[in-house]
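Asker: Residue numbers (our numbering), protein chains in the order written: chain A, 59 to 354; chain B, 59 to 354; chain C, 59 to 354; chain D, 59 to 354. Before we start, here is the structure in question, set down as structure tokens.
There are 4 protein chains.
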Amino acid sequence: MPKTEHFQWYVEEFAPTEFHHHAIDELYYAGRTAFQSVAVLRTPTFGKMLVLDGDTQSSQHDEKIYHESLVHPALAAVRDRGEILILGGGEGATLREVLRYPGVRRCTMVDIDGEVVDLCKRYLPEWSDGAFEDPRARLIVGDALAFLKEDRGTYGAVISDLTEPLADSPSFPLFNGEVFRDIRARLAPGGVYVLQASTAGFHNMALHAKMARSLRAHFTHVASFFTHVPAFDNDWAFIACSDAVDVAALDGRAIDAYVDELRGENYFYDAQTHRRIFSLPLYLRRELAKPGDAFV
Amino acid sequence: MPKTEHFQWYVEEFAPTEFHHHAIDELYYAGRTAFQSVAVLRTPTFGKMLVLDGDTQSSQHDEKIYHESLVHPALAAVRDRGEILILGGGEGATLREVLRYPGVRRCTMVDIDGEVVDLCKRYLPEWSDGAFEDPRARLIVGDALAFLKEDRGTYGAVISDLTEPLADSPSFPLFNGEVFRDIRARLAPGGVYVLQASTAGFHNMALHAKMARSLRAHFTHVASFFTHVPAFDNDWAFIACSDAVDVAALDGRAIDAYVDELRGENYFYDAQTHRRIFSLPLYLRRELAKPGDAFV
Amino acid sequence: MPKTEHFQWYVEEFAPTEFHHHAIDELYYAGRTAFQSVAVLRTPTFGKMLVLDGDTQSSQHDEKIYHESLVHPALAAVRDRGEILILGGGEGATLREVLRYPGVRRCTMVDIDGEVVDLCKRYLPEWSDGAFEDPRARLIVGDALAFLKEDRGTYGAVISDLTEPLADSPSFPLFNGEVFRDIRARLAPGGVYVLQASTAGFHNMALHAKMARSLRAHFTHVASFFTHVPAFDNDWAFIACSDAVDVAALDGRAIDAYVDELRGENYFYDAQTHRRIFSLPLYLRRELAKPGDAFV
Amino acid sequence: MPKTEHFQWYVEEFAPTEFHHHAIDELYYAGRTAFQSVAVLRTPTFGKMLVLDGDTQSSQHDEKIYHESLVHPALAAVRDRGEILILGGGEGATLREVLRYPGVRRCTMVDIDGEVVDLCKRYLPEWSDGAFEDPRARLIVGDALAFLKEDRGTYGAVISDLTEPLADSPSFPLFNGEVFRDIRARLAPGGVYVLQASTAGFHNMALHAKMARSLRAHFTHVASFFTHVPAFDNDWAFIACSDAVDVAALDGRAIDAYVDELRGENYFYDAQTHRRIFSLPLYLRRELAKPGDAFV
């Protein structure tokens, strides 16, 4: 009776009645920053994983599904990709994807938790893949809220890679009308604001729908899109907002032309994938069409 | 310190290092038929679930995602929907979806495990929703392989809702060139053969790709499509095969016209959803383009 | 990669940070009576198990350790074993052990949950082993508290096989000075009151110590004893109280003479086992010697 | 719905159908030496724990139950406690207990895994509590088998704190007649050989019984004893062997006189505890009396 070799497990709680157990091959780091608990570990299925406050943030084997979805539809849609702003994005993979576009002159990334950024540089260098050393990268360790109040720059795209605006989350103050107006003021003409926007599974799409409802009061075009991210065990949603362009309706040839300009090869995203992730199933369209409350 | 109320759990093994734990609200049945182990239970997230040999087969809250995907792209594509054949499909939900089309004159369902069919009628009546009592339904409890050899009928669509052709599975003998030829011989002109076709996640798409490679030797058009099914914790794939029609390229208006003819409302599928599930991400297209072995 | 055959598990919560997982071979019953949730199941290690409100009550393979400990030290100690009273004891195994002594003329068992008694008769007949049909058995389905107020009988031993007097438990009202006086009034001269008395592990012996402190105000001799019960994953304690006899100091030859009179063979208990379970380790003696609060 | 803070768990496998899950408060170390995998962690219930090859070796909160049982019955029984030999014992707690007796002139400890010894010194200093720095301690990192062949010393007690002689274990070669003879040759007149000797629970006492049968061919007195060790979730057994003294029958006053000479206070062991752990329940005595195979 050979015993399993794995006696350390990472257990993610989805609900008090739903847990997923991942055997840990190696635990690189476990600790607590000023803002959150952090674990960096490796599992057989997903490779390295970053876990913040008990939630999987990204995994080595499928992070490109998430990060290409977050970055490229927005960048494909904007006219001027010279200046890009990222809110959050500690792992550096959002920055990496932005900098793959040669025409980006500067990408500013504002993350409140410098310790997480340092841990990711040390243990997850595959995520940033040198992006932090790119001379076009500007890393600001600080509060995105304060940055938005003080900054005078404008950006072709503002990419929000923050955690969810749950009532007890540090991201909660970043999700209200005042902040949306602050972000809108930072967009260059033709600019796009894109954000990760919670889950879109049949059983947990209410928060996403509320986020979409809230943003429709501030932007002309508000397009939900989503993809399954295996490491999240969830359909993960995003929202692309703009007064100038409907990202959902981008022309496929324009998308593929943009993708061709990127350094290196995409893993997930191109025009066909765009069509997939912006085509929503009936149940989600119905949910998004319902009236309801909003972040104000 | 209040204890959790749940002390019975359904634990699904995805790998010896990956387990998902679902608290059980109620266990309706657990036993073994001549062919497999069966459990019918209810969990807070997914409602009732059918579990065969330890694998989730379908859940009350999201089975329509699976069954609408399996049935409607194929039916929307075929010319003559009068006679339909289902291989497997014990829960009766595939039958239910087929019979929602008024023009179906008869739907034959061949399932080897009559005990599972009876258990589903008793404990999961929401799945079949009266379909077994529909006079157009013809249920044959028997071996699909023998049925295909003996049957002389032709069908607008043959829908395979069998378990996966793993080496030790009862479905293994149903996946080879001889059987593909037998199925093709049962298709009416313009007919479509559609099958559930394993997982399409980044880490487990090899079997699906092998199935697609195998079928390309037998059919002119072989279209993979997939959707995330939350209760499966996986991206679930299907393949639509035909000599007459490329199901992936169906016209959206034709799809919506077909959907409008169905009795009752769809939950998941229409033209936009069709576009979603047939648009494949880059990594899967690359996998499908690779050479490799096939079922012969 | 063969998967485990077991996908149903019984998970016992010892603390929010301690869980024991038992694979279920068969689930015979799961439901709820007027008083508590009940499950009857079978596991590879312990055989059949009775689970009330998520706590293991007894297992087929080691219930004799518990029931022989509860019954025989007390019965060995009393002068007149003609009339015995059991409070609780739904499985019928305490009754079984009492009736193994031929000199018992009548054993009265008062249990509030008749449904549990019926379930045990049906699914766990090995526990009672015919005891409920013994003409000397008198089963009263009712409230032990009311019985003690109304009953006029006296008993050589009163055996309390109730659940723990936790604040939210139905057993809580059964643990106070008034009840101790009621029980004492039911003891024949030379009688013994014995009760299961919570856990005695290094990390959870406080409730047991409080029970012992409480009883010292009412009885001349109050003897703690305990044994590890594997199915409980705990050192399980009992208390034997008497004004006439110090059960801890019973003569070994008298014990073995009593054991020899029992019908059938003991599994666990005799004079040497008595010496074991009444000899307490240093840390528990120190805990029992500390002052502290009591049930009044 | 607050989520649990604990997402790292230590899962101990007792059988493929029995797992115990402990939430990890902190993981101090996880790695692999030349001989075994090692983890040092802390849980809410047990404090720090040492885990070798997935098995709990000892826990901060109850290691004294194990180590006082291993050391003091033997030392209480021997005439000359000047020279003591420990085989294994990496944590240093066995050494600590031996050196608490002031009359010990030298204690030699032979452990094959110097890396484990170093990890214990660093992360578990509470276990050795300075013992490695005691001038009477002699640590030899090396193979106990070779040591026994080459050493010419004699010892009042030889204490074996090795892992179990399972077929695939590094301890297997240390459990046969030749080794027993080598150990016996190292005992001073009146000496005692004591060893940890596997589990004594009702469901897993076969290996212990085989060890006892094997030793009876080599020693006049072979006394089994055991105690529940909560962190092991098992009744843990030991065997004390001697040609001169029956350790089971030690006089209680002699034991307490010995205990009084120890530096500091015992937590678990004294004459009453000795009576407890050497008094065996019926089922274990019956198992020990059965004939069967032996290590030869």
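Even glycine gets a Cβ: it sits at the ideal position worked out from N, Cα and C. Computed from a predicted model, the values in this text were never measured in an experiment.
Using the three-state DSSP reduction, which class does aspartate 240 of chain D fall into: helix, strand or coil?
Answerer: Three-state result, aspartate 240 of chain D: helix.
Asker: Residues bridged to isoleucine 217 of chain A by DSSP?
Answerer: Note: isoleucine 217 of chain A sits in a beta bridge opposite A:Ile144, A:Val252.
Asker: Which same chain residues, not among the five before or five after valine 199 of chain B, have their C-beta less than 6 Å away from its C-beta?
Answerer: Here the set comprises Gly172.
Asker: Just list the residues that DSSP pairs histidine 279 of chain A with in beta bridges.
Answerer: Answer is A:Ser300, bridged to histidine 279 of chain A.
Asker: Helix, strand or coil for glutamate 63 of chain A per DSSP?
Answerer: In the structure shown, glutamate 63 of chain A sits in coil (DSSP, three-state: anything other than H, G, I, E or B).
Asker: Let me make sure I understand the geometry here. Which of A:Glu236, A:Arg180, A:His286, A:Leu153 has the alpha-carbon closest to that of leucine 338 of chain A?
Answerer: When only C-alpha atoms are compared, the closest one is A:His286.
Asker: Are the CB atoms of leucine 108 of chain D and glutamine 94 of chain D within a distance shorter than 8 Å?
Answerer: No.
Asker: What beta strand (DSSP E) runs, 3 residues minimum, are completely inside the segment 171-231 of chain D?
Answerer: Counting whole runs of 3 or more residues, the segment 171-231 of chain D contains the beta strand (DSSP E) stretches 195-199, 213-219.
Asker: If you run the structure through DSSP and keep just helix, strand and coil, what is arginine 164 of chain B?
Answerer: Strand.
Asker: Report yes or no: do three or more beta-carbon pairs, one from the segment 154-171 of chain B and one from the segment 196-216 of chain B, lie closer than 8 Å?
Answerer: Verdict: yes, contact present.
Asker: So who's on the other strand from arginine 90 of chain C, going by DSSP bridges?
Answerer: According to DSSP, arginine 90 of chain C bridges with C:Ser95.
Asker: Residues of chain G with CB under 7 Å from threonine 101 of chain A, in chain order?
Answerer: The structure shown has no chain G; the protein chains it does contain are A, B, C and D.
Asker: Should proline 131 of chain B be flagged as near chain A, meaning a C-beta pair shorter than 8 Å?
Answerer: Closer than 8 Å: no.
Asker: For the alpha helix (DSSP H) containing serine 272 of chain C, name the first residue and the last one.
Answerer: It spans 264-274 - the alpha helix (DSSP H) in which serine 272 of chain C sits, taken as one unbroken run.
Asker: Provide the residue span of the beta strand (DSSP E) that contains valine 109 of chain C, from first to last.
Answerer: 105-110 is the extent of the beta strand (DSSP E) around valine 109 of chain C.
Asker: Going by DSSP in three states, serine 117 of chain B sits in which element: helix, strand or coil?
Answerer: In this structure, serine 117 of chain B counts as strand in the three-state DSSP scheme.
Asker: Cβ of tyrosine 68 of chain B less than 8 Å from any chain A Cβ?
Answerer: No, no contact with chain A.
Asker: Which value, in whole angstroms, describes the spacing of the CA atoms of glutamine 330 of chain B and leucine 133 of chain B?
Answerer: Cα-Cα distance, rounded: 16 Å.
Asker: Assuming contact is defined by CB atoms lying nearer than 8 Å, are glutamate 76 of chain D and histidine 276 of chain C in contact in what I supplied?
Answerer: It is not a contact, given that the beta carbons lie outside the stated cut-off.
Asker: Can you tell me where the beta strand (DSSP E) holding histidine 80 of chain C begins and where it ends?
Answerer: Run containing histidine 80 of chain C: 76-81, per the beta strand (DSSP E) assignment.
Asker: Quick check on the burial criterion: 16 or more other C-beta atoms within 10 angstroms. Buried or exposed for threonine 152 of chain B?
Answerer: Classification of threonine 152 of chain B: buried, given that the 10 Å Cβ count is 16 or more.
Asker: Is the number of C-beta pairs between the segment 245-259 of chain C and the segment 217-236 of chain D that are closer than 8 Å three or more?
Answerer: Taking 8 Å as the limit for Cβ pairs, the verdict is that the segment 217-236 of chain D does not touch the segment 245-259 of chain C.
Asker: Quick one: is glutamate 126 of chain B buried, meaning 16 or more other Cβ sit within 10 Å of its Cβ, or exposed?
Answerer: So glutamate 126 of chain B ends up on the buried side.
Asker: Would leucine 108 of chain D pass as an interface residue toward chain C - the criterion being a Cβ-Cβ separation below 8 Å?
Answerer: Not one chain C Cβ lies under 8 Å of leucine 108 of chain D.
Asker: If we cut at 8 Å on Cβ distances, does leucine 85 of chain C have a partner in chain B?
Answerer: Yes, its Cβ sits closer than 8 Å to a Cβ of chain B.
Asker: Are threonine 101 of chain C and tyrosine 68 of chain C touching if we call contact CB-CB under 8 Å?
Answerer: Contact flag set, yes.
Asker: Determine, for glycine 105 of chain A, whether the minimum Cβ-Cβ distance to residues of chain D falls below 8 Å.
Answerer: It does not; no Cβ of chain D falls within 8 Å.
Asker: Report yes or no: do three or more beta-carbon pairs, one from the segment 311-319 of chain B and one from the segment 313-324 of chain A, lie closer than 8 Å?
Answerer: They do not touch, by the three-pair rule.
Asker: Determine the DSSP secondary structure at aspartate 169 of chain B, reduced to helix, strand or coil.
Answerer: Strand.
Asker: State the DSSP-derived secondary structure class of proline 349 of chain A, mapped to helix, strand or coil.
Answerer: If DSSP states are grouped into helix, strand and coil, proline 349 of chain A belongs with coil.
Asker: Nearest to glutamate 184 of chain D by alpha carbon, out of D:Arg154, D:Arg163, D:Val129?
Answerer: Ranking D:Arg154, D:Arg163, D:Val129 by Cα distance to glutamate 184 of chain D puts D:Arg154 first.
Asker: Could you tell me the boundaries of the alpha helix (DSSP H) in which glutamate 319 of chain B lies?
Answerer: Where glutamate 319 of chain B is concerned, the enclosing alpha helix (DSSP H) stretches over 310-319.
Asker: Excluding sequence positions up to five away, which residues of its chain have a Cβ less than 7 Å from the Cβ of valine 162 of chain D?
Answerer: Correct list, in chain order: Arg139, Gly140, Ile142, Val156, Arg194.
Asker: Under 8 Å by Cβ, that's how I've got serine 272 of chain A and phenylalanine 353 of chain A pegged, so tell me the actual separation to the nearest angstrom.
Answerer: With a Cβ gap of about 4 Å, serine 272 of chain A and phenylalanine 353 of chain A count as contacting.
Asker: Going straight from the alpha carbon of alanine 306 of chain A to that of leucine 340 of chain B, what length do you get?
Answerer: Looking at the two C-alpha atoms, the distance is approximately 18 Å.
Asker: Please list, in chain order, the chain A residues whose beta carbon lies closer than 7 Å to that of alanine 88 of chain D.
Answerer: Going along chain A in sequence order, the residues near alanine 88 of chain D (Cβ under 7 Å) are Gln66, Leu85.
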